[in-house]
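Trainee: Shown below is the structure under consideration.
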Amino acid sequence: MEKLLYTGKAKQMWQTTDPDVLRVVYLDQATALNGKQKDHFVGKGAAANAISTLVFQYLINHGIKTHFLKKVAPNEDLVKKCQMFPLEFVTRNVVAGHFASRYGLQEGQLLVEPVEETFYKSDELDDPFINESATIALKIATHQEIVRMWNICREVNGLLKLLFAKAGLQLVDFKLEFGRLSNGEVVLADEFSPDNCRLWDLSTGQHMDKDVYRRQLADLTQTYAEVLERLQGAIEEE
Ligand code: C5P
1 MEKLLYTGKA
11 KQMWQTTDPD
21 VLRVVYLDQA
31 TALNGKQKDH
41 FVGKGAAANA
51 ISTLVFQYLI
61 NHGIKTHFLK
71 KVAPNEDLVK
81 KCQMFPLEFV
91 TRNVVAGHFA
101 SRYGLQEGQL
111 LVEPVEETFY
121 KSDELDDPFI
131 NESATIALKI
141 ATHQEIVRMW
151 NICREVNGLL
161 KLLFAKAGLQ
171 LVDFKLEFGR
181 LSNGEVVLAD
191 EFSPDNCRLW
201 DLSTGQHMDK
211 DVYRRQLADL
221 TQTYAEVLER
231 LQGAIEEE
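Residue numbers (the UniProt record's numbering): 1 to 238.
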């Protein structure tokens, strides 16, 4: 019997009969303002999963270790079970979102160096900023694990900036999460979809990510379908 482990903002996690394998179900749902705003979108789960599967397979093919095993249905994947770090790793290539509002900047300026920010995942605390010494003091991760996670973030940024550029999209910023496998290995986990990155059309600057929902700019499912189509084209060209 499968057991529902939890329902998140956009996904459900199920324990399969194999203790080392979980089933992820992408929901037809989008949330904003840390879950305070929630809406239903038919086809959104399948589109986000299709994009995330393409990206994870691309990263695996380029040597990145991840939790991903295989896609088993349009909105379902099997992944290796891992103990998730309650951390969000945000990398920013361009000024946008909270980086713009926090420092009083206009969106759109290219950053000379990618900005790296870590947040402690907690809905009650509204995901506060956390630094390395606090992460170690709170026994969330060791120094070596933090170094490994940021190294993976940098590799992912290098690979995906180029891949999305081939799809005519600028990778503005993105959030990654990591987990620890039963053997202690730290791997990339969660997902990579327009739910957790910003993508701007390289020629028009049009938003092609969850900001279309957060800011009520365009249809969410249609936007994700276009990202998927462009990404498929870019990967086929390689
Ligand atoms: O909101 P902010 O500008 O800090 O977001 C930076 C990037 O991290 C965006 O791509 C956003 O989609 C992603 N993010 C996320 N989950 C959060 C916070 C941010 O996926 N809880």
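Idealized CB from N, CA, C, for every residue including glycine.
Since this is a predicted model, take the numbers as computed values, not measurements.
What's the gap between the Cα of Leu199 and the Cα of Gly35?
Mentor: In a straight line, the C-alpha of Leu199 is about 21 Å away from that of Gly35.
Trainee: Are there any heavy atoms of the ligand C5P lying less than 7 Å away from the beta-carbon of Ala47, as far as the coordinates show?
Mentor: No, since every heavy atom of the ligand C5P falls outside the 7 Å radius drawn around the Cβ of Ala47.
Trainee: Between the alpha carbons of Gly233 and Asp123, how many angstroms are there, rounded?
Mentor: Between Gly233 and Asp123, the C-alpha separation is close to 37 Å.
Trainee: Figure out for me which residue from Arg23, Glu226, Leu176, Thr53 has the closest Cα to the Cα of Lys121.
Mentor: Comparing Cα positions, the closest option is Leu176.
Trainee: Distance check for Ala100 and Gln109, CA to CA, integer angstroms please.
Mentor: Each residue's Cα considered, the two are about 9 Å apart.
Trainee: Relative to the C-alpha of Asp126, which residue among Asn157, Val186, Glu88 is closest?
Mentor: Comparing Cα positions, the closest option is Glu88.
Trainee: Whole angstroms is fine: what's the gap from Leu202's alpha carbon to Val25's?
Mentor: Rounded to the nearest angstrom, the two C-alpha atoms are 31 Å apart.
Trainee: The alpha helix (DSSP H) with Asn49 in it runs from where to where?
Mentor: Element bounds for Asn49: 44 to 61.
Trainee: For Ala30, which beta-bridge partners are listed by DSSP?
Mentor: The partner list for Ala30 (beta bridge, DSSP) reads Asp39.
Trainee: At a threshold of 7 Å, does Ala96 count as lining the ligand C5P (C-beta to nearest heavy atom)?
Mentor: Checking the Cβ of Ala96 against the ligand C5P gives yes.
Trainee: From Ala225 to Val42, what distance separates their C-alpha atoms?
Mentor: Cα-Cα distance, rounded: 12 Å.
Trainee: Evaluate His207 with the Cβ neighbour count: other Cβ atoms within 10 Å of its Cβ, from every protein chain shown; 16 or more gives buried, anything less gives exposed.
Mentor: With 16 or more Cβ atoms within 10 Å of its Cβ, His207 is classed as buried.
Trainee: State the DSSP-derived secondary structure class of Gly179, mapped to helix, strand or coil.
Mentor: DSSP places Gly179 in strand when its eight states are reduced to three.
Trainee: Among the candidates Pro19, Ala134, Ala10, whose CA atom is the shortest distance from the CA of Pro86?
Mentor: Nearest of Pro19, Ala134, Ala10 to Pro86, Cα basis: Ala134.
Trainee: What's the C-alpha gap between Gly8 and Asp39?
Mentor: Each residue's alpha carbon lies about 14 Å from the other.
Trainee: With the cut-off set at 8 Å, would you say Phe56 and Val90 are in Cβ contact?
Mentor: No. Outside cutoff.
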